[in-house]
Amino acid sequence: MGVLKIVEWPSKVLETKAEEITLFDESVKKLVLDMHETMKHENGIGLAANQVNVLKRVFVVNIPWVEKDGGEEKQDWHDKAFTFINPVITKISNEKVSYQEGCLSFPEVYDFVGRHERVTVEAFNEKGESFSLEASGLLSICIQHELDHIDGIVFIKRMSRLKAKLARSKINKYHLRHKTNV
Ligand code: NI
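Just remember that this note's numbering sits 446 ahead of the position in the sequence shown, which is counted from 1.
Below is the structure:
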């Protein structure tokens, strides 16, 4: 197992559609383990394979339960490690939600993105077993964000033109500052 390097935007791999897994072998299990370890190391709640420079339709999710005053109740999906391989959304709700999202590939960028309140997703785990999951709340938002990643869609593409422009300038400044510090 090992922590992998996170690819940051504007790397091209983040805007390239990933390919399906056709063989569920040891390399897939290793990738999934490394992705879970990397996500935990970076304090992320979701991570797509594109973000570790692998163009495969794989993403992982693990949303820690954080107790907040008057916040959401703990759900059964909190603190649970999910692995989605070759995922397909089979059902979406019409209700929309907007949540302030962040992304490990966009340090310091946080903004509201519109998503469907509820989604049903069919996928495989790392053993090649299929499953179906109906998700709502933050889990649903996270699944939609990660599924976008493997389709090569970064979250600033879901923002208004003005917000996306602000996000791009923020990330450019971040990279400049980062280079200065090195
Ligand atoms: Ni992301």
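Every residue gets a Cβ at the ideal spot worked out from N, C-alpha and C, and that includes glycine.
These numbers come from a predicted model, not from an experiment.
Those residues which DSSP pairs with residue i across a bridge
i	result
D557	E547
T529	V506
V534	E568
L585	Paired residue(s): none; L585 is not in a bridge.
F577	A569
L493	V506
K542	H562
H621	According to DSSP, which records beta bridges pairwise, H621 is partnered with nothing at all.
H482	DSSP, once it has assigned bridges, lists no residue as partnering H482.
H524	I509
Three-state secondary structure assigned by DSSP to residue i
i	result
I467	coil
L460	helix
K514	coil
V628	Bear in mind that the predicted position of V628 carries a pLDDT of just 43, short of 50, making it unreliable; the figure below should be weighed with that in mind. Three-state result, V628: coil.
K451	coil
F552	coil
L608	helix
V474	helix
D594	helix
I599	coil
V500	coil
Length of the line joining the Cα atoms of residue i and residue j
i	j	result
R623	W455	15 Å
V600	K619	19 Å
K463	F558	23 Å
V459	S539	30 Å
V628	E488	Note on V628: pLDDT 43, under 50, position unreliable in the model; the coordinate value appears next. Taking the straight line joining both Cα atoms gives about 20 Å.
V567	F577	8 Å
V453	G492	14 Å
E572	K475	6 Å
P510	A527	10 Å
V565	S586	6 Å
E554	T484	18 Å
M481	G448	8 Å
A610	G598	16 Å
S582	S615	32 Å
Minimum Cβ-Cβ distance from residue i to chain C less than 8 Å
i	result
E541	Absence of chain C from the displayed structure is noted, only one protein chain being present.
Q. Between the stretch 496-514 and the stretch 451-467, do at least 3 Cβ pairs fall closer than 8 Å?
A. yes
Q) Does the pairing of the stretch 506-525 with the stretch 538-558 give three or more beta-carbon distances under 8 Å? A) no
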